[in-house]
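From first to last, the protein sequence lines are chains A and B. In terms of my numbering, the first sequence opens at residue -5 and continues consecutively. In terms of my numbering, the second sequence opens at residue -5 and continues consecutively. A short write-up of the structure that comes next.
Protein chains: 2
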Amino acid sequence: MSNNPAPGLLFVVSAPSATGKTTVIEQLVQLVPGLKMSRSYTSRPRREGETDGVDYNFVSRDAFEAQIAAGGFLEWADVFGNYYGTSWHETEARLAAGEDLVLVIDVQGARQVRAARPETVAVFMLPPSFAVLEERLRKRSSEPEAAMARRLATARQEVSAVDAYDYVVVNDVLERCVGELAGIVMAERAKLARRRAAIQPIIDSF
Amino acid sequence: MSNNPAPGLLFVVSAPSATGKTTVIEQLVQLVPGLKMSRSYTSRPRREGETDGVDYNFVSRDAFEAQIAAGGFLEWADVFGNYYGTSWHETEARLAAGEDLVLVIDVQGARQVRAARPETVAVFMLPPSFAVLEERLRKRSSEPEAAMARRLATARQEVSAVDAYDYVVVNDVLERCVGELAGIVMAERAKLARRRAAIQPIIDSF
């Protein structure tokens, strides 16, 4: 890496609960060299199997609210009583170092990020159908019916935001969905404006 | 395929002689389902190993000129005394049937196609350097020095057109270059505007 790498690309991916976004994005960052997942901050308690600094940066509500007040978040949300957010400083530092970052966030978070950084590439991931999503959600959840109904209502709201995104992929076949996302990352890297500086030495050799 | 498929995407790929574009594009269309190569018309004599209707549609100079006069070409050029061109009617018919097409043409041809169809996706392919291109050209050619010099001068002119393209890829490692082109095709297919109609049934299921 040179001393002054081209700034990295910022991708945001939104998808309703149970679309399978976590699995897709984990495979994506393993597949695509130089693409890293952004790590969110949260005030919710750490669950069994989660590691601080790996799954999330776990912080207290007070610490989170102090960062909100200081304007430290690129985006943040209060989701059912727990805070989630993305550090502005950390994101900018990683992008400035040339890392391409992918941020998995809800539609409100994506809206905040695009407002702050209009060059953000936004991808919406859909399940094959509402029926498939509902089935996946019921299988993996032991939540009471009211909580389930609330998740499904949220999913309905979220898909209505699809038209604000640059790309849309459907998670019907996992490998295909991962492949399409990898294609989007490669294409964004290959855009003329993005690659212009890198090819100048080739042009100059002619 | 439905009775009214979404119209196909048209990709144009330009590259200086000896960049390796033929090999790259042959591998690309094998790799990407639904992507087909457009077949050019030419007035030059058929070479050994070439098949009419496969490598090119071989036609007489008179027939070619009659088609030029009739406005039958999406783009055409007179290259060192031989005509090369792309049928407007055939291209439109294949796109209307939902095929995605890739057209390997020089920078003047690409300019004509983009003027006629501004939604065309244009990709420029570069060799790793001028030295590599010159070495490849000398290895595979038994042309006299004057013809070689003319090809190299043409290559110099062509790379100066790179800024009119949407994407740029470098053919340093064949698989990587093919993979990037496949990524560009996948990304263009996944653009919101492109995929909006296809996902409407999913949106409607919510």
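Yeah, the Cβ is synthetic: ideal placement off N, Cα and C, and Gly gets one too.
> In chain A, which residues lie with their C-beta within 9 Å of the C-beta of B/Leu29?
Replying inline: Going along chain A, no residue has its Cβ under 9 Å from B/Leu29, so there is no contact; the nearest lies around 12 Å.
> For B/Phe124, does the three-state DSSP call read helix, strand or coil?
Replying inline: In the three-state reduction of the DSSP assignment, B/Phe124 falls in the helix class.
> Do the stretch 166 to 184 of chain A and the stretch 9 to 27 of chain A touch if we need at least three Cβ pairs shorter than 8 Å?
Replying inline: Counting Cβ pairs under 8 Å, three or more are found: they touch.
>> Does A/Leu3 come out as helix, strand or coil in the three-state DSSP assignment?
In response: A/Leu3: coil per DSSP, three-state reduction.
>> Would you say A/Ser11 lies against chain B (beta-carbon separation less than 8 Å)?
In response: Among the CB atoms of chain B, none fall inside 8 Å of the CB of A/Ser11.
>> Between A/Tyr161, A/Arg188, A/Ala158 and A/Leu120, which has its C-alpha nearest B/Asp198's C-alpha?
In response: The shortest Cα separation from B/Asp198 among A/Tyr161, A/Arg188, A/Ala158 and A/Leu120 belongs to A/Leu120.
> Of the residues that make up the stretch 95 to 121 of chain B, which ones have a beta carbon closer than 7 Å to any beta carbon in chain A?
Replying inline: Hits within the stretch, in order: Leu120.
> Going along chain A, which residues have a C-beta under 7 Å from B/Val162?
Replying inline: Contact note: B/Val162 reaches chain A through Ala184, Leu186, Arg189 and Ile193, using a C-beta cutoff of 7 Å and chain order.
> Going along the chain, which residues of its own chain have a beta-carbon closer than 8 Å to the beta-carbon of B/Arg188, five neighbours each way excluded?
Replying inline: These residues qualify, in order along the chain: Ala0, Leu3 and Glu182.
> Shorter than 8 Å from the beta carbon of A/Ile19 to some beta carbon of chain B?
Replying inline: Cβ-Cβ to chain B under 8 Å: no for A/Ile19.
> Alpha carbon to alpha carbon, what distance is there between B/Tyr35 and A/Pro122?
Replying inline: Looking at the two C-alpha atoms, the distance is approximately 42 Å.
>> Counting only Cβ pairs nearer than 7 Å, list the residues of chain A close to B/Glu174.
In response: Correct list: Met180 and Ala184.
>> Quick check on DSSP: helix, strand or coil for A/Val18?
In response: A/Val18 falls in the helix class under three-state DSSP.
>> Quick check on DSSP: helix, strand or coil for B/Ala91?
In response: If DSSP states are grouped into helix, strand and coil, B/Ala91 belongs with coil.
> Going by other Cβ atoms of all chains shown within 10 Å of its Cβ, with 16 needed for buried, is A/Ile19 buried or exposed?
Replying inline: A/Ile19 sits buried, since 16 or more C-beta atoms from the chains shown fall within 10 Å of its C-beta.
> Would you say B/Ala149 faces chain A, with C-beta separation under 8 Å as the test?
Replying inline: Residue contact with chain A for B/Ala149: present (Cβ-Cβ distance below 8 Å to some residue of chain A).
>> Taking the alpha helix (DSSP H) that A/Ala187 belongs to, which residues open and close that run?
In response: Segment Leu186 to Asp198, the alpha helix (DSSP H) holding A/Ala187.
> Does any residue of chain A bring its CB to less than 8 Å from the CB of B/Phe124?
Replying inline: Yes, its Cβ sits closer than 8 Å to a Cβ of chain A.
> Nearest-angstrom Cα distance between B/Val6 and A/Val48?
Replying inline: Rounded to whole angstroms, the separation of the alpha carbons of A/Val48 and B/Val6 is 43 Å.
> Three or more beta-carbon pairs under 8 Å between the stretch 156 to 175 of chain B and the stretch 99 to 117 of chain B, yes or no?
Replying inline: By the Cβ rule, the stretch 156 to 175 of chain B counts as touching the stretch 99 to 117 of chain B, because three or more pairs are nearer than 8 Å.
>> Please report the distance separating the alpha-carbon of B/Ser(-4) from that of B/Ala87.
In response: Summary for B/Ser(-4): the model assigns pLDDT 47, below 50, so the residue's position carries little reliability; its value from the coordinates is reported in the next sentence. If you take the alpha carbons of B/Ser(-4) and B/Ala87, they lie about 16 Å apart.
> Which term fits A/Asp72, buried or exposed, when burial requires 16 or more other beta carbons within 10 angstroms of its beta carbon?
Replying inline: Exposed, by the Cβ-count rule.
> Quick one: what's got a C-beta closer than 6 Å to B/Ala12's C-beta in the same chain, skipping five residues either side?
Replying inline: Excluding its 5 nearest sequence neighbours in each direction, B/Ala12 has C-beta neighbours in its own chain below 6 Å: Leu127, Arg130 and Leu131, listed in chain order.
> Based on the DSSP secondary-structure assignment, which residues constitute the bridge partners of A/Glu69?
Replying inline: Note: A/Glu69 sits in a beta bridge opposite A/Thr80.
> Smallest Cα separation from A/Leu95: which of A/Val101, A/Trp82 and A/Gln102?
Replying inline: The option with the nearest alpha carbon to A/Leu95 is A/Trp82.
>> Is the beta carbon of A/Glu152 closer than 8 Å to that of A/Pro10?
In response: Between A/Pro10 and A/Glu152, the C-beta spacing is below 8 Å.
> Which residues in the same chain have their Cβ closer than 7 Å to the Cβ of B/Arg38, if we skip the five residues on either side of it in sequence?
Replying inline: Answer for B/Arg38: Asn76, listed in chain order.
> Shortest alpha-carbon distance to A/Ser8 belongs to which of A/Asn165, A/Pro195, A/Glu44 and A/Ala141?
Replying inline: Among A/Asn165, A/Pro195, A/Glu44 and A/Ala141, the Cα nearest to that of A/Ser8 belongs to A/Asn165.
> For A/Ala143, which option in B/Thr114, B/Gln21, B/Phe200 and B/Gly79 has the closest C-alpha, if you only look at C-alpha atoms?
Replying inline: Out of B/Thr114, B/Gln21, B/Phe200 and B/Gly79, B/Phe200 has the C-alpha closest to the C-alpha of A/Ala143.
> Would you say A/Ser8 faces chain B, with C-beta separation under 8 Å as the test?
Replying inline: The Cβ of A/Ser8 sits no closer than 8 Å to any Cβ of chain B.
> Could you check where the alpha helix (DSSP H) with A/Val101 kicks off and where it finishes?
Replying inline: Element bounds for A/Val101: Val101 to Ala110.
>> Does any residue of chain B have a CB that is nearer than 8 Å to the CB of A/Val23?
In response: Closer than 8 Å: no.
>> Considering only DSSP beta bridges, list what A/Thr36 is partnered with.
In response: Partner(s): A/Phe52 and A/Tyr78.
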